[in-house]
Every structure is written in structure tokens, then in C-alpha cells.
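First comes the structure, then the notes that go with it.
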Ligand code: N2P
């Protein structure tokens, strides 16, 4: 009897010590490969509880409130920049993230402007803001010579009014829409000047009647299904729509435009909240994501470039060679970083954005 008990006990002890381990991850929607989390659990025994958002402002509110319960979050670096001084994140322990060695130095140097010394974050993925559009519907309405390479498609009231009936959507994000509106007006896209922002709001209001909705993730399926014909969106998300449309095989063709006037180039980074319940598991998760084959899978699945050069070996050629995913140098020269907004500018923009959205 006693022997059996001991054997049973031994069996329990033989289970990996981390059997009950968990990591709470809060990431953007449509931003990971289908099997990434399962692979992580298989290899480490750490279970992943995974929630998603489609807004930096939503993530920020939760971070500033504290006690979010999350171990890993993925803000855009321009938001992280103002969250670090608020004490939201712990410095990373790079001894626990050996794969960080493989990060591209130039891209990390770019992010260091938002995260001094790269102490609090590593790059997850990056991309651009641009326009996703339905080739047939758009050509039908503004002709094959229409300005499909330009912000004119959504910011010129004459063009936008032509496209209104097949459905235009805008990102529901002031920090994504104001800079590109400023750029279109020929103003400094990073401007925090109230008069400049007022002019950008007026531009947005001038096309507001032609915008069907403001949303930051709904446009993926709507573009893919032909429910809308034009979306101001994020590069990879538009490419996901393109891919889904192709797979559906109903002849819907989606294009992604990086407008000739220029646009935002942003970086989303992984960081650990100071009060993360499982900081060690958070580090293990981040280290896993940065493994070349793992992050390559994510790029292959969501069409966002990553910052691990060694991953290119595993990235599908079609993706590695796609200029809308990895923009060529002459296009990169036209991109600007996502601006960091102070609290005052943020309040001004929130007021203006509410006016734009509600149309009053
Ligand atoms: C992922 C969208 C993330 C891009 N679907 C915004 N930083």
C-alpha cells in the first residue's frame, strides 16, 4: 500500500515543474500565426492566455489604470515612449532574451528614439498606414486613371464622393489619421500645433459625409467580402484582406497603396508591465517570439515585416519580395515615424476627433 502511494507521488513530482505555468498576453488582433501559441506551450509547458485589441488608446487606458494582469503587451513605440515615464513597464532582462541578439540594429536604433537605450522593449513587427482598395469597384467609379496611388482617394472630396456608395472606412484612431491628414495638406505630419490640427480636422470633416464607418479591424473582412471598397488601414491587415479575398475565389481583387505623398512607418514592440504576474514567463514568451523560425511564421501569416534579419530565410519569397510589405528604399525615404503626443496635444486631438467622427 505504502509503496503504491510513493509511486504515485513520484509520478506527480516527475511532471515538469512548470505544468501550471501561465503567461497572459495582450496583443493586436490578427497579428499572430495560427500555431504560434500552441508551439510555445508545447515547447515550454507554459499555457498562454491571449486577448486582443485594435487600439493603442484602449491598451494605454488599461496600462495606465494598472493591475491589468498582463505579462506581455504590444504597444506602438510612440505610445510606449510616453508610457515609460509614467512607470508602466519594467526594464527587460536581456539575459533571459538571448534571441534579442538577432534584432536588426538599425531598426532598434530607430525605436531607441522612443525607448532610450532599448531598455524596455523589443520590436515585434512594423508596417505602414495606407489604403486598401477593391480594384474593380474603384476603377468602375473613378476610372483606371484615377489617383489610386494617392491620399486623394480618401481626402479629396470630389474623389471620395465618387467612392462613397461602395463604402469607405477610416481607422478609428486619431494618432493614425491626423498625421496623414497633415501630410496631405503639406503641413508637418508630426505637428502638435493646434492650428495645424484644426486644419487637419477640417480636411477630415470635408470628407466625413463619404465615410461609411470608423473602425480599426472590421475593414479586413469587409474589404475581403466586397462590403466596402476603400479602407484607410495598416499594411499587413490590408494584405490579409487581399489573401482572404483570393482564397474565397469570388474574383475580388484587393490592392494596397502606400500613398505617394508619404505616410507613417510605425513599430509595434513587446514590453512587460511593471506589475506583470509572471515576469519570467513573459521573458520566455518574448524570447520565443524572437526566434527566427517563429517570427518568420508570424510574418508569413499576417504579412507584417519583423526585425529579425535571420528570419528572412524562413519568410516566403513572395512576401520577402513584396514592396508593399518590405518597401523599397525610395518609398522608405517618404515615410515618417509615428509622432509622440504629449497630454495637451492628445486632449486637443481627442476633441477634434470626436467632432470629426460624430460630424458635429
Ligand atoms: C494588427 C494591426 C497592428 C497595426 N492587426 C497597428 N500598429
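Numbering (the working numbering), first residue to last: 11 to 370.
Ideal Cβ placement from N, Cα and C applies to all residues, glycine included.
If you're wondering where the values come from, they're calculated on a predicted model, not measured in any experiment.
Look up residue i in the DSSP assignment and say whether it is helix, strand or coil.
i: residue 23; result: In this prediction, residue 23 scores a pLDDT of 49, lower than 50, which makes its location untrustworthy; no coordinate-derived value is stated.
i: residue 336; result: coil
i: residue 161; result: coil
i: residue 89; result: helix
i: residue 215; result: helix
i: residue 329; result: helix
i: residue 265; result: strand
i: residue 60; result: strand
i: residue 285; result: coil
i: residue 278; result: strand
i: residue 344; result: coil
i: residue 273; result: strand
i: residue 202; result: coil
i: residue 142; result: strand
i: residue 243; result: strand
i: residue 226; result: coil
i: residue 180; result: strand
i: residue 318; result: coil
i: residue 358; result: helix
i: residue 112; result: helix
Among the residues of its own chain, which have a CB less than 8 Å from the CB of residue i, if the five just before and after it don't count?
i: residue 341; result: 268, 333
i: residue 208; result: 362
i: residue 169; result: 152, 156, 157, 162, 163
i: residue 325; result: 306, 309, 310
i: residue 53; result: 298
i: residue 323; result: 302, 306
Using CA atoms only, rank isn't needed, just tell me which of the options is closest to residue i.
i: residue 303; options: 293, 292, 317, 290; result: 317
i: residue 45; options: 361, 366, 307, 54; result: 307
i: residue 113; options: 128, 103, 89, 99; result: 128
i: residue 85; options: 96, 69, 74; result: 69
i: residue 339; options: 272, 146, 312, 182; result: 272
i: residue 62; options: 40, 74, 185, 78; result: 40
i: residue 263; options: 270, 251, 106; result: 251
i: residue 221; options: 198, 120, 166; result: 166
i: residue 238; options: 200, 144, 155; result: 144
i: residue 346; options: 76, 65, 140; result: 140
i: residue 233; options: 146, 115, 209, 155; result: 146
i: residue 282; options: 365, 101, 95, 71; result: 101
i: residue 368; options: 228, 51, 223; result: 223
i: residue 187; options: 210, 126, 320; result: 210
i: residue 309; options: 80, 287, 58, 137; result: 137
i: residue 8; options: 179, 370, 125; result: No statement about residue 8 is possible, as the shown extent of the chain runs from 11 to 370 and does not include it.
i: residue 235; options: 253, 93, 219, 87; result: 253
i: residue 173; options: 230, 219, 288; result: 219
i: residue 58; options: 75, 80, 76; result: 80
i: residue 289; options: 265, 93, 107; result: 107
i: residue 150; options: 231, 240, 365; result: 240
i: residue 343; options: 95, 274, 181, 130; result: 274
i: residue 280; options: 31, 77, 103; result: 103
i: residue 353; options: 51, 91, 47, 364; result: 91
i: residue 115; options: 65, 320, 255, 67; result: 320
i: residue 366; options: 184, 286, 261; result: 184
i: residue 37; options: 160, 135, 230, 94; result: 135
i: residue 64; options: 348, 200, 118, 230; result: 230
i: residue 276; options: 52, 77, 118; result: 118
i: residue 177; options: 154, 228, 160; result: 228
i: residue 73; options: 370, 47, 35; result: 35
i: residue 95; options: 130, 78, 66; result: 130
i: residue 31; options: 160, 193, 292, 66; result: 292
i: residue 287; options: 265, 78, 328; result: 78
In chain order, what residues of the same chain lie with their CB nearer than 6 Å to the CB of residue i, ignoring the 5 residues before and after it?
i: residue 49; result: none
i: residue 311; result: 43
i: residue 175; result: none
i: residue 191; result: 210, 213, 214
i: residue 122; result: 128
Report, in whole angstroms, the separation of the C-beta atoms of residue i and residue j, which I expect to be a contact under 8 Å.
i: residue 243; j: residue 314; result: That pair is no contact at about 12 Å.
i: residue 33; j: residue 82; result: 7 Å
i: residue 294; j: residue 56; result: 6 Å
i: residue 142; j: residue 217; result: Contact flag wrong, Cβ pair sits at about 17 Å.
i: residue 182; j: residue 225; result: 5 Å
i: residue 88; j: residue 349; result: 6 Å
Can you list, in chain order, the residues of its chain with a C-beta nearer than 7 Å to that of residue i? Leave out the 5 residues immediately preceding and following it.
i: residue 336; result: 315, 330
i: residue 355; result: 202
i: residue 195; result: 209, 210, 213
i: residue 358; result: 204, 207
i: residue 12; result: Bear in mind that a pLDDT of 44 at residue 12, under 50, signals an unreliable position, so the model cannot answer this.
i: residue 110; result: 104, 132, 300
i: residue 76; result: 285
i: residue 171; result: 220
Quick one: does residue i have its CB under 7 Å from some CB of chain C?
i: residue 94; result: Absence of chain C from the displayed structure is noted, only one protein chain being present.
For a test of your reading of the model: does the CB of residue i fall under 6 Å from any non-hydrogen atom of the ligand NAP? Yes or no.
i: residue 134; result: For the structure depicted, the ligand NAP is absent and the ligand set comprises only the ligand N2P.
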